[in-house]
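Residues 136 to 518 in my numbering are what the sequence shown lists, from first letter to last. Step one of this worksheet: look at the structure below.
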Amino acid sequence: MSAIAKDIVIAGGGATGLYLAGRLLQLGFSCRVLEAREAVVSHSRSLGIHPVSLELFRKAGIEDRFLQEGIPIRKGHAFWDNEKLGEVSFEECPAPFNFILALPQWKTEKILEEWVQSIDENAIVRNAVVSGLNDDGQAVTTSYTRDGIQGEIRSRFLIGCDGKKSTVRQLLKIPFSGSPYPDYYIMGDFTDNTGFGEDAAVYLHSDGLVESFPLPGGMRRWVVKTQNRIESPSLSLLTDPVERRTGFRLHGTENSMLSSFGVEHYLADILYKGNSLLAGDAAHVVSPIGGQGMNLGWLDAEACVGVVKKAFKKPRKKNKLFKAYSSTRRKKARIVARRAAMNMWLGRSENSGIFIKQLMILVLRTRLSVHFARMFTMRGVEK
Ligand SMILES: Cc1cc2nc3c(=O)[nH]c(=O)nc-3n(C[C@H](O)[C@H](O)[C@H](O)COP(=O)(O)OP(=O)(O)OC[C@H]3O[C@@H](n4cnc5c(N)ncnc54)[C@H](O)[C@@H]3O)c2cc1C
Numbered sequence: 136m137s138a139i140a141k142d143i144v145i146a147g148g149g150a151t152g153l154y155l156a157g158r159l160l161q162l163g164f165s166c167r168v169l170e171a172r173e174a175v176v177s178h179s180r181s182l183g184i185h186p187v188s189l190e191l192f193r194k195a196g197i198e199d200r201f202l203q204e205g206i207p208i209r210k211g212h213a214f215w216d217n218e219k220l221g222e223v224s225f226e227e228c229p230a231p232f233n234f235i236l237a238l239p240q241w242k243t244e245k246i247l248e249e250w251v252q253s254i255d256e257n258a259i260v261r262n263a264v265v266s267g268l269n270d271d272g273q274a275v276t277t278s279y280t281r282d283g284i285q286g287e288i289r290s291r292f293l294i295g296c297d298g299k300k301s302t303v304r305q306l307l308k309i310p311f312s313g314s315p316y317p318d319y320y321i322m323g324d325f326t327d328n329t330g331f332g333e334d335a336a337v338y339l340h341s342d343g344l345v346e347s348f349p350l351p352g353g354m355r356r357w358v359v360k361t362q363n364r365i366e367s368p369s370l371s372l373l374t375d376p377v378e379r380r381t382g383f384r385l386h387g388t389e390n391s392m393l394s395s396f397g398v399e400h401y402l403a404d405i406l407y408k409g410n411s412l413l414a415g416d417a418a419h420v421v422s423p424i425g426g427q428g429m430n431l432g433w434l435d436a437e438a439c440v441g442v443v444k445k446a447f448k449k450p451r452k453k454n455k456l457f458k459a460y461s462s463t464r465r466k467k468a469r470i471v472a473r474r475a476a477m478n479m480w481l482g483r484s485e486n487s488g489i490f491i492k493q494l495m496i497l498v499l500r501t502r503l504s505v506h507f508a509r510m511f512t513m514r515g516v517e518k
């Protein structure tokens, strides 16, 4: 067992860890990503890349691949039961990224992985499960197991991007405060037979929310609010409510993914300890309704890059820099969590009264829709 030295070790090579690694490597830092999984998992979670993230990708010079593979959503149609209330357009968002890019998360992670490997082919160490850390004040020694063999890497900093159940966060004994929401959903990807094209659609229905987003390859994602948690998803548990609430019949179309999920919100009490930082879902979990968790992780990662860069230059300021990172990113996570909570609140059947309907009409048919679009595209949390 030999300890090798790097500037930075990243625990977890999901969306956050991969983006962070690419940016740090671009700046000339030596870096290793320890990732438990053998390969990117093709189970689909996130699909929305927001303009604030596309701006980061442009800064990194990697936006083209995403734009080639994704679908730009420029508009969303809003319905109240089956009645169309109005539209939210992203066209007034700052050009050139005046749209939300729809791309399944696994494809996004693949692109990021290839980018990281194009800078340093050895940067990502797969099958490596982080299990321990020892911070001597000068550096962190991270222990991991790979194919049954123990390894160690010593680095100036360790960044935990290892998701909701973060081992790094647990090893640092940082509490993760929060709870589940009382909301459950089923989602699936189907051949698109709607005629919405590249537009999204949201149905605020008296039986509960339905969201519908375009996907590459002529497919469409449907997300349906259910009364209870669905333990074993089946096609009819999604297609029946979609038909009842929207009029679209999905029976007979091709289905490529089906899953159910509950939603929750958690926030780490602090995002650093010693020479370690937390970013992405390791630091906070927000509800996917509103689609911002992955994007929030990239914003954390970009902030981490700035902090690490400065901390290498001025080591004596490290504590101050880490503290500021923690307080700013926690604040941003709270804003995003509040916005997601509002989206979920609107999607609950008990909130489908006439007052809410009139409020939605006011928002959608006036300039208030521009503010709504800004909020939906994560403006105000990007810095
Ligand atoms: C149904 C659903 C839909 C969603 N839709 C959206 C959306 O539209 N938009 C959006 O922005 N977000 C969305 N999200 C949220 C988004 O998926 C997460 O916020 C995002 O995956 C977080 O990325 P991450 O890299 O921080 O964490 P993760 O994706 O959890 O990645 C963590 C990585 O760390 C690895 N790891 C864990 N433990 C260890 C260990 N001990 N050692 C080494 N490696 C380890 C894991 O294998 C994993 O690869 C959605 C989530 C769900 C569940």
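Built from N, CA and C at the ideal position, the CB exists for glycine as well. Note that this is a predicted model, so its numbers are computed, not measured.
{"query": "Report yes if the C-beta of Val-265 is less than 7 Å from at least one heavy atom of ligand 1; otherwise report no.", "result": "yes"}
{"query": "Gly-295: which of Lys-466, Ala-140, Cys-439, His-506 sits nearest, CA to CA?", "result": "Cys-439"}
{"query": "So, at 7 Å on beta carbons, what are the nonlocal neighbours of Met-429 in its own chain, with the 5 sequence-adjacent residues on each side left out?", "result": "Ala-150, Ser-181, Gln-240"}
{"query": "Alpha carbons only, please: which of Arg-502, Lys-300, Gly-432, Leu-293 is nearest the one belonging to Lys-141?", "result": "Leu-293"}
{"query": "Does Ala-468 come out as helix, strand or coil in the three-state DSSP assignment?", "result": "helix"}
{"query": "On the three-state DSSP scale, how would you describe Val-251?", "result": "helix"}
{"query": "Any contact between the segment 376 to 383 and the segment 395 to 410? By contact I mean 3 or more CB pairs, one from each, below 8 Å.", "result": "no"}
{"query": "Do the CB positions of Thr-501 and His-185 come within less than 8 Å of each other?", "result": "no"}
{"query": "Count the other CB atoms within 10 Å of the CB of Ser-484; is the residue buried (16 or more) or exposed (fewer)?", "result": "exposed"}
{"query": "Taking 7 Å as the cut-off, is the C-beta of Cys-519 nearer than that to any heavy atom in ligand 1?", "result": "Past the edges of the chain, shown from 136 to 518, lies residue 519, and the structure says nothing about it."}
{"query": "Please list, in chain order, all residues of the same chain as Met-136 whose beta carbon is under 7 Å from its beta carbon, the five residues on each side excluded.", "result": "Low confidence applies here, because Met-136 scores a pLDDT of 47, under 50, leaving its location unreliable; read the following figure in that light. Here the set comprises Gln-285, Gly-286, Glu-287."}
{"query": "Quick check: does the Cβ of Phe-325 come within less than 7 Å of any heavy atom belonging to ligand 1?", "result": "no"}
{"query": "So what's Phe-457 in DSSP terms, helix, strand or just coil?", "result": "helix"}
{"query": "From the DSSP output, read off the bridge partner residues of Pro-315.", "result": "Glu-399"}
{"query": "Name, in chain order, the residues that DSSP records as bridge partners for Ser-278.", "result": "Gly-267, Glu-287"}
{"query": "In this structure, how does DSSP classify His-386 when only helix, strand and coil are distinguished?", "result": "coil"}
{"query": "Would you call the segment 453 to 473 and the segment 210 to 218 in contact, with 3 or more CB pairs under 8 Å?", "result": "no"}
{"query": "Which residue wins for smallest C-alpha separation from Ile-197, given the options Tyr-401, Ser-278, Glu-248?", "result": "Glu-248"}
{"query": "Whole angstroms are fine: how far does the CA of Pro-423 sit from the CA of Asp-334?", "result": "19 Å"}
{"query": "Of the choices Ser-391, Arg-364, Ile-365, whose alpha-carbon is the least far from that of Arg-356?", "result": "Ser-391"}
{"query": "What separation, rounded to the nearest whole angstrom, lies between the Cα atoms of Arg-200 and Gly-313?", "result": "36 Å"}
{"query": "On the three-state DSSP scale, how would you describe Ser-411?", "result": "strand"}
{"query": "Closest to Thr-381 by CA distance: which of Gly-148, Phe-232, Glu-218 is it?", "result": "Glu-218"}
{"query": "Quick check: the Cα distance between Gln-252 and Asn-262, rounded to an integer number of angstroms?", "result": "16 Å"}
{"query": "May I ask which residues mark the beginning and end of the beta strand (DSSP E) holding Phe-164?", "result": "From DSSP, Phe-164 is part of no beta strand (DSSP E); its letter is neither H nor E."}
{"query": "Specify the secondary structure class of Pro-207 as computed by DSSP and reduced to three states.", "result": "strand"}
{"query": "Would Thr-276 pass as a contact of Arg-289 if the rule is Cβ separation under 8 Å?", "result": "yes"}
{"query": "Look at Asp-297 and Ala-417 and say whether their C-beta atoms are less than 8 Å apart.", "result": "yes"}
{"query": "Helix, strand or coil, according to DSSP, for Val-345 in the structure here?", "result": "strand"}
{"query": "With three or more beta-carbon pairs closer than 8 Å as the criterion, would you say the segment 220 to 232 touches the segment 354 to 368?", "result": "no"}
{"query": "Closest by CA to Leu-402, which one among Ser-461, Lys-360, Gly-441, Ile-496?", "result": "Ser-461"}
{"query": "Which same chain residues, not among the five before or five after Glu-222, have their C-beta less than 6 Å away from its C-beta?", "result": "Lys-210, His-212"}
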